[in-house]
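Residues in the sequence shown are numbered from 1 upward in steps of one, following my numbering. What follows is a short report on a single structure.
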Amino acid sequence: MDCCSQRAARHACLYTSEGRVLIKNARTPGSAAHRPKCTCSVCRRYSRAYLRHLFAAGEITAAILATHHNVHFYLDIMRQIREAIEFGNLANSHQDARALC
Ligand SMILES: [Zn+2]
């Protein structure tokens, strides 16, 4: 899971509930968060425009921040799946997991 998140992040790919976003190609750079409901520290602190700037400038910080977001996204999905299994509601609760396909 970490390897996949890191590889995607190195290529400026962020996982969101709406699917994968190539931040270098993002047409809405002013958006406040990479994922609307994401609670990771990257989305709380930095704008999409700033992250896009870091990738465009070739800053290694961009890949680090994107990896942090992607790992948080995966862990959040795993938490949701564990909760769904616990409550017997797995079939109706994997919306974010579909974004990874
Ligand atoms: Zn995030």
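Here a beta-carbon is modelled for each residue, glycine too, at the ideal position from N, C-alpha and C.
So is the beta-carbon of residue i under 7 Å away from any non-hydrogen atom of ligand 1?
i	result
Cys40	yes
His69	yes
Cys13	no
His53	no
Sorted by chain position, which residues of the same chain lie with C-beta nearer than 7 Å to residue i's C-beta, five sequence neighbours on each side aside?
i	result
Ala32	Because the pLDDT at Ala32 is just 48, under 50, the model does not fix this residue reliably, and the value given afterwards should be weighed accordingly. For Ala32, where only same-chain residues beyond five positions count, the Cβ hits under 7 Å are Ser47.
Ser93	Gln80 and Ala84
Arg44	none
Which two residues bound the contiguous beta strand (DSSP E) that contains residue i?
i	result
Thr16	Cys13 to Thr16
Leu51	Where Leu51 is concerned, there is no enclosing beta strand (DSSP E), although the alpha helix (DSSP H) it sits in stretches over Arg48 to Ala56.
Leu22	Gly19 to Leu22
By the 10 Å Cβ neighbour count, where 16 or more other Cβ atoms means buried, how is residue i classified, buried or exposed?
i	result
His11	exposed
Phe55	buried
Ala63	buried
Leu65	buried
Phe87	exposed
Which residue comes first and which comes last in the alpha helix (DSSP H) that contains residue i?
i	result
Leu75	Ile60 to Glu86
Ser41	Ser41 to Arg45
What residues in its chain sit with their C-beta under 6 Å from that of residue i, if we drop five residues either side in the sequence?
i	result
His68	Val42
Tell me whether residue i, by its Cβ, gets closer than 7 Å to a heavy atom of ligand 2.
i	result
Glu59	As far as ligands go, the structure on display features ligand 1 and does not contain ligand 2.
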